[in-house]
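A short write-up of the structure that comes next.
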DNA sequence: ACCTATCTGATGGCTG
DNA sequence: CAGCCATCAGAT
């Protein structure tokens, strides 16, 4: 088939015994060509006993066989024949334990791997349809299509609406749609799903309706169907700045978060009525449809995710359709091709049943943040938990670098090499696991990852050489990013039992070499008298040194420490590189993987007043917490980072929000919780052969929504409101049923306050104003149920619950850890601290009496109330200090 | 059908 | 029935 070699293809699919290849000719016309579909498996001839080889070659199931170096390439007559030979226990190949290679690769992948063709950039179009709203979602194939819109990336729109509520009318509408689609190759829709598998919405509906109305000759396989929703999710999860883009994946919510565009004023659950009403109503529905479609285009304009995905597909030789989003497919595309070029083949992927126990392996090192330990703080005389001037270094692309440096790969792994002691010539050994790899020939994995990193740099350099913002600059940027995405995902695929590259000992050697490097680096930093206060996977956080010290240290690690240590493991190359990434001016941990900090510099560039803080793991970043919780946490976070030390200032913010939660009307968006269904709804609840597990609130709500005919498939985010958490299981309602009633005590005690309490009790561990513990702001639920609930106050539930009992204000046991030195308490009078510099004057006085005890300043306000100000100053109490403070003392 | 580590909250059994 | 504990699910 010389005519199709070396060209570019848009799509391909198996049709009987042939592959149909889709391309476009010079004038842009779509062309179809056919090549034979091959069901291939490889053997190593050395593995095949001669008798078995003879039998194989004579078998009627074999279409063709040829030698390729040490390999035997066998083309089977059918998929079933190949499956039996490679996977069935009764087959002589499996019975004799002869390994097979790539015996699961489908004909399209095989052809793409073997031919030097490239992936063409498809013509992209966005699609959205409106359907009959009277039909429940569970019968989506029975919904009549009322309108459709296509939008091009450039903004050009085509729209059509049903002319008559008849099958003939719908046939015309769909015929028009397919005629327009002929100009495009890749169709993008939000929750479009899969046209064949009945998943999602738009794609299966138009295919099912086309079948139903009849008379339209079209093969949907000629198009690439790409679901924008999972694509956005996958690309955005790591990139999202806050939880706003994770809360709901409805098009309207994402559009709001990304392009800042609100809903069109139209009730989507009444499309039928709008169509039937004709006139202005119908026009509104049409406008709504057009606008929704255009939102897809605008989301892509902002994010560039589809463009990046197209580039990833080009790099990995995949067609840009929904299935190609899976990293296993991406790595398969890249590595099968690379193996072919280098005369190497990979094991047949065995389909294990779900119940099989998969091999687990150890992961990365995560240190408990030292600052959370009260004794540690006491030793360092820290009154607050806020760290200052913390230097952070991290390894550049740690896992890819390790894979290259240790030449890791299933085929370079050496069985039976010594786990400790001297390392034999020609081997290198991963520390901790003791797994050895040959250094004589580069592994495919190492080569692949090195190639990806090299190409990333090529395009990164190219980008730097181009005028920013030009199409070429964007293209180079996307390519550089695509190579990075691939390089980073390869370790994960190696650790996945569903991948043909799965090897737990290789994956574990990757993670444990990381652990070893981190510990090595940490030990060296501590030898210099600095303290490593936190480390996670590929980064270390250090205090006690200057910027110059730390920069020099990182340099020394790269030029001295690592080259030496790596050589000692027998490696012949070294790609390990540490970088001084940033320093935090202020940094607050609440737990491992949870912190917020403000930079003093980032890669040497000094931070400015508007530099955004770095937030990791906190509720602020999560999509499942209520908005009120996020807002309070955000405010308090900013205050902490701004250096606010007057606890009374925090109290004001807390009490204001608490009063709002307990006493004022609350909006749905402030309190709604959102959780995803991680599996199909049917799989919740008691499962045969498994212990019964309690049903989560979101599952109970999802079942109600299902009853109402809504789409609640796997991955759907369910929004709900808790109406009574004082009973078990707690009472919940779908968000759409919210009428202003909710359990306010639950909202404060569980949803809102704990997230902020954790911040404050880590920042100011000795407690809130007046020395009470921060926990005293919580526990607002009265001991007994409000008499208003259920009885006389019918219909109000907890909505108008009683105000917070006075007993719950600022009481509780102080939480000063016993190990901390007792602070010296100095009472000051507000009037004597006249701004602007009153407090500074007091601090200046304190600074003249350096010592070992922390000071708490109690400020007596004009109203008689007392506020507590913590200081970072420590003093030696003395009569002289007493005298110096006298002018500021309270009467 | 990409890994592990970690944290948080819901739930239900057990205990005093 | 509050508090402790183990277990599970979900999120990062």
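Residue numbers (my numbering): 231 to 1121. Idealized CB from N, CA, C, for every residue including glycine.
So, is residue 374 buried or exposed, given that buried needs 16 or more other C-beta atoms within 10 angstroms? Locating residue 374 in the first chain gives position 144, where the first residue counts as 1. With 16 or more other Cβ atoms within 10 Å, it is buried.
Would you mind reading off the limits of the beta strand (DSSP E) that contains residue 416? Counting from one through the first chain, the residue named residue 416 turns up at place 186. From DSSP, the beta strand (DSSP E) with residue 416 extends over 416-419.
Which of helix, strand or coil does DSSP assign to residue 254? The sequence position of residue 254 within the first chain is 24, counting from 1. Three-state result, residue 254: strand.
Could you compute how far the alpha carbon of residue 935 sits from the alpha carbon of residue 423? Here the question's residue 935 lines up with position 705 in the first chain. Here the question's residue 423 lines up with position 193 in the first chain. Rounded to the nearest angstrom, the two C-alpha atoms are 20 Å apart.
Go ahead and pull the three-state DSSP assignment for residue 690. Position 460 of the first chain holds residue 690. Three-state result, residue 690: helix.
Minimum C-alpha distance to residue 656 - residue among 663, 650 and 642: Within the first chain, the letter at position 426 stands for residue 656. Checked all of 663, 650 and 642; the closest Cα to residue 656 is 642.
Please classify residue 379 as buried or exposed, where buried requires at least 16 neighbouring CB atoms within 10 angstroms. By 1-based counting over the first chain, the position of residue 379 is 149. Buried: at least 16 other Cβ atoms inside 10 Å.
Rounded to the nearest angstrom, what separates residue 782 and residue 590 at their Cα positions? One-based indexing of the first chain puts residue 782 at position 552. One-based indexing of the first chain puts residue 590 at position 360. Roughly 39 Å separates the two Cα atoms.
With respect to the alpha helix (DSSP H) encompassing residue 341, which residues constitute its N-terminal and C-terminal limits? For this step, residue 341 is matched to residue 111 along the first chain. Here the alpha helix (DSSP H) through residue 341 covers 337-344.
First and last residue of the beta strand (DSSP E) that includes residue 379? The residue given as residue 379 occupies position 149 in the first chain. 375-381 is the span of the beta strand (DSSP E), which, as asked, contains residue 379.
Restricting to Cα atoms, I'd like to know which of 777, 988 and 786 is closest to residue 822. The residue labelled residue 822 in the question sits at position 592 within the first chain. That would be 988, whose Cα lies nearest to the Cα of residue 822.
Give the single residue among 522, 577, 551 and 391 whose Cα lies nearest to the Cα of residue 509. Position 279 of the first chain holds residue 509. Of the listed residues, the one whose Cα sits closest to residue 509 is 391.
Reducing DSSP to helix, strand and coil, say where residue 556 ends up. The residue you call residue 556 lines up with position 326 of the first chain. Coil at residue 556, not helix or strand.
Cα-Cα separation, residue 562 to residue 553: As a working note, residue 562 is residue 332 in the first chain. As a working note, residue 553 is residue 323 in the first chain. Taking the straight line joining both Cα atoms gives about 13 Å.
Who are the near neighbours of residue 804 in its chain, counting only those whose CB is closer than 8 Å to its CB and skipping five residues on each side? Taking the first chain and counting its residues from 1, one reaches residue 804 at position 574. Contacts found: 635, 792, 793, 796 and 797.
Three-state secondary structure (DSSP) at residue 1032? In the first chain, counting from the first residue as 1, residue 1032 sits at position 802. Confidence in residue 1032 is poor, its pLDDT being 33 and thus under 50, which makes the residue's placement unreliable; the coordinate value appears in the next sentence. Coil, per DSSP.
Tell me whether residue 743 sits in a helix, a strand or coil according to DSSP, three-state version. Locating residue 743 in the first chain gives position 513, counting from the first residue. Looking at residue 743 - three-state DSSP - the assignment turns out to be helix.
Exposure label - residue 711; buried when at least 16 CB within 10 Å: One-based indexing of the first chain puts residue 711 at position 481. By the 10 Å Cβ count, residue 711 comes out buried.
Using the Cα positions of residue 1036 and residue 849, report the straight-line distance between them to the nearest angstrom. Taking the first chain and counting its residues from 1, one reaches residue 1036 at position 806. Taking the first chain and counting its residues from 1, one reaches residue 849 at position 619. Confidence at residue 1036 is low in this model, with a pLDDT of 37, below 50, so its placement is unreliable and no value can be given for it.
Starting from residue 819, follow its DSSP beta bridges and name the residues at the other end. As a working mapping, residue 819 is identified with position 589 in the first chain. DSSP lists 825 as partners of residue 819.
By DSSP, does residue 1109 sit in helix, in strand, or in coil? Translated into positions along the first chain, residue 1109 becomes position 879. Helix.
Looking at residue 420: is its Cβ nearer than 8 Å to the Cβ of residue 458? Taking the first chain and counting its residues from 1, the one referred to as residue 420 is at position 190. Taking the first chain and counting its residues from 1, the one referred to as residue 458 is at position 228. In contact: residue 420 and residue 458 (Cβ atoms closer than 8 Å).
Shortest alpha-carbon distance to residue 872 belongs to which of 813, 284, 893 and 839? Reading the first chain from its first residue, position 642 is the one you call residue 872. The option with the nearest alpha carbon to residue 872 is 839.
Distance between residue 723 and residue 418 (C-alpha atoms, nearest Å): Locating residue 418 in the first chain gives position 188, counting from the first residue. Locating residue 723 in the first chain gives position 493, counting from the first residue. Cα-Cα distance, rounded: 27 Å.
Expected contact under 8 Å - CB spacing of residue 296 and residue 385 to nearest Å: If you number the first chain from 1, residue 296 lands on position 66. If you number the first chain from 1, residue 385 lands on position 155. 52 Å between Cβ atoms; not a contact.
DSSP on residue 964, reduced to helix/strand/coil? Start at 1 with the first residue of the first chain, and residue 964 comes out as number 734. The answer is strand: DSSP assigns residue 964 an E or B state.
Counting Cβ pairs closer than 8 Å, one from the stretch 856-867 and one from the stretch 942-950, do we hit at least three? no
Does the distance from the C-beta atom of residue 387 to that of residue 529 stay below 8 Å? If you number the first chain from 1, residue 387 lands on position 157. If you number the first chain from 1, residue 529 lands on position 299. No; because the gap between Cβ atoms is not below 8 Å, this pair is not in contact.
Roughly how many angstroms lie between the CA atoms of residue 831 and residue 815, to the nearest whole one? Locating residue 831 in the first chain gives position 601, counting from the first residue. Locating residue 815 in the first chain gives position 585, counting from the first residue. Cα to Cα, the separation comes out at about 8 Å.
Selection from 356, 996 and 518 that minimises the alpha carbon distance to residue 495: What you label residue 495 is simply residue 265 of the first chain in a count that begins at 1. If we check each option's Cα against that of residue 495, 518 comes out closest.
Counting pairs of Cβ atoms below 8 Å between the stretch 764-783 and the stretch 734-751, do you hit three or more? yes
What is the DSSP secondary structure of residue 877, reduced to helix, strand or coil? Working through the first chain from its first residue, we reach residue 877 at position 647. In this structure, residue 877 counts as helix in the three-state DSSP scheme.
Supposed close pair residue 327, residue 316 - CB separation, criterion 8 Å: Translated into the one-based positions of the first chain, residue 327 becomes position 97. Translated into the one-based positions of the first chain, residue 316 becomes position 86. Not quite, the Cβ-Cβ distance comes to about 13 Å (not below 8 Å), so this is no contact.
Could you check if residue 1003 belongs to the surroundings of the ligand COA, using beta carbon to heavy atom distance under 7 Å? Judged by which ligands are present, the structure shown has none, so any question about the ligand COA falls away.
For a quick check, are the C-beta atoms of residue 730 and residue 577 less than 8 Å apart? Within the first chain, numbered from 1, the residue matching residue 730 stands at position 500. Within the first chain, numbered from 1, the residue matching residue 577 stands at position 347. The answer is yes: Cβ separation under 8 Å.
For residue 241, which beta-bridge partners are listed by DSSP? Mapped onto the first chain, residue 241 falls at position 11. According to DSSP, which records beta bridges pairwise, residue 241 is partnered with 252.
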